[in-house]
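Below: one structure, written as structure tokens.
Number of protein chains: 2
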Amino acid sequence: MRLAELSERSGVSTATIKYYLREGLLAPGRQVNTTTSEYDEEHLRRLRLIRAMIQVGRIPVATVREVLTHVDDDSLPRTVRLGAAVWALPQVPEPDADDEFVQGSRAAMEELLGTLGWTHAQSLASLSPAFRSLVVAAAALRRLGYDWGAERLVPYARLMHQVAELDLDFMEAHVSEAEKAEVAVLGVVLVEPMLRALHHLAQEEESARRYGLE
Amino acid sequence: MRLAELSERSGVSTATIKYYLREGLLAPGRQVNTTTSEYDEEHLRRLRLIRAMIQVGRIPVATVREVLTHVDDDSLPRTVRLGAAVWALPQVPEPDADDEFVQGSRAAMEELLGTLGWTHAQSLASLSPAFRSLVVAAAALRRLGYDWGAERLVPYARLMHQVAELDLDFMEAHVSEAEKAEVAVLGVVLVEPMLRALHHLAQEEESARRYGLE
DNA sequence: GTGCTTGGATAGTGGCACTCCCCAAAGAAA
DNA sequence: TTTCTTTGGGGAGTGCCACTATCCAAGCAC
Chain A
0 MRLAELSERS GVSTATIKYY LREGLLAPGR QVNTTTSEYD EEHLRRLRLI RAMIQVGRIP
60 VATVREVLTH VDDDSLPRTV RLGAAVWALP QVPEPDADDE FVQGSRAAME ELLGTLGWTH
120 AQSLASLSPA FRSLVVAAAA LRRLGYDWGA ERLVPYARLM HQVAELDLDF MEAHVSEAEK
180 AEVAVLGVVL VEPMLRALHH LAQEEESARR YGLE
Chain B
0 MRLAELSERS GVSTATIKYY LREGLLAPGR QVNTTTSEYD EEHLRRLRLI RAMIQVGRIP
60 VATVREVLTH VDDDSLPRTV RLGAAVWALP QVPEPDADDE FVQGSRAAME ELLGTLGWTH
120 AQSLASLSPA FRSLVVAAAA LRRLGYDWGA ERLVPYARLM HQVAELDLDF MEAHVSEAEK
180 AEVAVLGVVL VEPMLRALHH LAQEEESARR YGLE
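Residue numbers (numbering that gives the first Met the number 0), protein chains in the order written: chain A, 0 to 213; chain B, 0 to 213.
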């Protein structure tokens, strides 16, 4: 199929597809001659994935490129590729290491991992963007006078661990059917907005149950 | 305290504080004379809240203003104010109602609420931005060939309901100590990034347990 | 009075995600 | 063959956003 048809079937304008091609998010089509390129179903699928990451996952274009680069890197084993892709997802900016609230939160979050017995996460903590995000969020709450320390977060962490188990169970069940790490990234990137939405809905439901609709 | 000190103590530049004042995020200080305004601890606290929402919660400035407007609206009861504030939080754009994937997902998500017995959420579904987000995310997955229907989401939803119960338990425990709805919004806005970070950490941990670090 | 600081206003900056426009080469029509 | 339309590539432009830099006049400190 040509650019126009790719645009038609994906609902993405030709100008935007060209932009993605230029930015290296989408591989170039098979060049038929100087003015025509041929795209296939794989291009359409990848384009839909890119759109989902950008529109639903709110991931910046540069980050999408980075994530896809890791996903496509055949030189690494699948699990490593997936890990690299997830670590590339956008996180909060680097915190100020001298800030007292940041230091206190960092200590509290290390304690949290110890309490949970997440030994692998502990050994990765200093590198993990997710750990950094956790520290930054906890520091912001601390700065406002709230102590979201280890003990308050333990029940949240246990619930999120159950969520992670569901994620991985699903991935295992589908690895055989599609060997592409793309499938895994998809699960990681698109499940998050669903979790967020379910969280809000659950809050609405529980709030209505407790206090009525008024 | 004057602008310079407010800047000093919050770590936010005077130029940025002036911008927030201009945008109506921060109430003006008490005007002492034509060139001096006096700010108090409440201004400092509000400024820290704004920064946390923008930097940690990644909420756009216009949305922060909207959320704070609801929070400060004394004409409504507290629960309604909180609900309005949460509904103002950024969500995905309106989906194309004619899209077959969107229609299928909407039906599946309505079925999900039925299965869960979330009757209040059901009655609010057509209005709730969270429900819309859920539909959009499910539609994106559907478009890529994955069926995240009601039965696959039920376990996720039950876990997020437990999270919501924790949230509300915490809020109830703190309502007496601070009557401001600000406290509640804070919980909603800043807990989300923590959940996200915990989710990632849990994935890293569980993935390392199952497959090793390689 | 002189010089520095302050707060308010206006305009400018840089990044991002497109989006517009032009062009030369194909392919289709006459 | 000639004319007309379409196509893909590329560069420049757009609109939005979150600041940020500059200017200005009024105060205050010495």
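The beta-carbon is built from N, C-alpha and C at its ideal position, and this holds for glycine as well. If you're wondering where the values come from, they're calculated on a predicted model, not measured in any experiment.
In chain B, what lies closer than 7 Å to ASP166 (chain A) by C-beta? GLN202
Grouping DSSP H, G and I as helix and E and B as strand, with all else coil, what is VAL153 (chain B)? helix
Short check: CB of HIS160 (chain A) to CB of ALA201 (chain B), under 7 Å? yes
Quick check: the Cα distance between GLU4 (chain A) and SER12 (chain A), rounded to an integer number of angstroms? 10 Å
Simplified DSSP state of VAL91 (chain B), which is helix, strand or coil: coil
In whole angstroms, give me the CA-to-CA distance for ALA149 (chain A) and MET108 (chain A). 6 Å
Let me know the alpha helix (DSSP H) ranges lying completely inside the stretch 53-141 of chain B, each 4 residues or longer, listed in chain order. 60-71, 77-86, 99-115, 118-123
Span separating the alpha-carbon of SER9 (chain B) from that of LEU43 (chain B): 7 Å
Neighbour-count burial assignment, LEU90 (chain B), 16 or more Cβ in a 10 Å radius: Leu is not the amino acid found at residue 90 (chain B); the sequence shown has Gln there. So GLN90 (chain B) counts as buried.
7 Å is my cut-off, CB to CB: does ALA51 (chain B) come that close to chain A? yes
In whole angstroms, what separates the C-alpha of SER36 (chain A) from that of LEU48 (chain A)? 21 Å
What residues from the stretch 110-134 of chain B come within 7 Å of chain A, judged by C-beta to C-beta, listed N to C? TRP117, HIS119, ALA120, LEU123, SER127, ALA129, PHE130, SER132, LEU133
Strictly below 7 Å CB to CB, what residues from chain B border ALA139 (chain A)? ALA51, VAL55, LEU189
Start-to-end residues for the alpha helix (DSSP H) that takes in THR15 (chain B): 13-22
Just to confirm the assignment, what range does the alpha helix (DSSP H) spanning ARG1 (chain A) have? It is not in any alpha helix (DSSP H) - ARG1 (chain A) carries neither H nor E in the DSSP assignment.
In chain A, which residues lie with their C-beta within 7 Å of the C-beta of LEU161 (chain B)? For clarity, residue 161 (chain B) is Gln in the given sequence; the question names Leu instead. Going along chain A in sequence order, the residues near GLN161 (chain B) (Cβ under 7 Å) are LEU158.
Residues from the stretch 82-103 of chain A in contact with chain B, defined by Cβ distance under 9 Å: GLY82, VAL85, TRP86, LEU88, PRO89, GLN90, VAL91, PRO92, ASP95, ASP98
Would you say ARG142 (chain B) lies against chain A (beta-carbon separation less than 7 Å)? yes
Do we get a CB-CB distance below 7 Å when we pair TYR210 (chain A) with the residues of chain B? yes
Along the chain, where does the alpha helix (DSSP H) that runs through TYR210 (chain B) open and close? 180-210
Using a Cβ cut-off of 7 Å (strictly closer), state whether THR15 (chain A) contacts chain B. no
Pick from A:ARG141, A:LEU165, A:PHE169 that is closest to TYR145 (chain B), judged by C-alpha positions: A:PHE169
Cβ neighbours of HIS173 (chain A) in the same chain (closer than 7 Å, five flanking residues each side left out): VAL182
In angstroms with no decimal places, state the Cα-to-Cα distance between GLU134 (chain B) and LEU24 (chain B). According to the sequence displayed, residue 134 (chain B) carries Val and not Glu. Going by the C-alpha atoms only, they are around 32 Å apart.
So the beta strand (DSSP E) THR35 (chain B) belongs to, where does it begin and stop? 35-37
Taking just the CA atoms, how far does GLU164 (chain B) sit from ARG141 (chain B)? 30 Å
Decide if VAL229 (chain A) is buried, meaning its Cβ has at least 16 other Cβ atoms within 10 Å, or exposed. Here chain A comprises residues numbered 0 to 213, so residue 229 (chain A) is not present and cannot be evaluated.
What does the Cβ neighbour count give for GLU22 (chain A), buried or exposed, with the cut at 16 atoms within 10 Å? exposed
Are at least three pairs of beta-carbons, each pair with one atom in the stretch 75-94 of chain A and one in the stretch 117-135 of chain A, less than 8 Å apart? yes
Beta-carbon proximity of HIS119 (chain B) to ALA207 (chain A), cut-off 7 Å: yes
Whose C-alpha, out of B:LEU81, B:GLN54, B:MET0, is nearest the C-alpha of ALA138 (chain A)? B:GLN54
Enclosing alpha helix (DSSP H) for LEU143 (chain B) [first to last residue]: Taken as a continuous stretch (DSSP letters only), LEU143 (chain B) belongs to no alpha helix (DSSP H), as it is neither H nor E.
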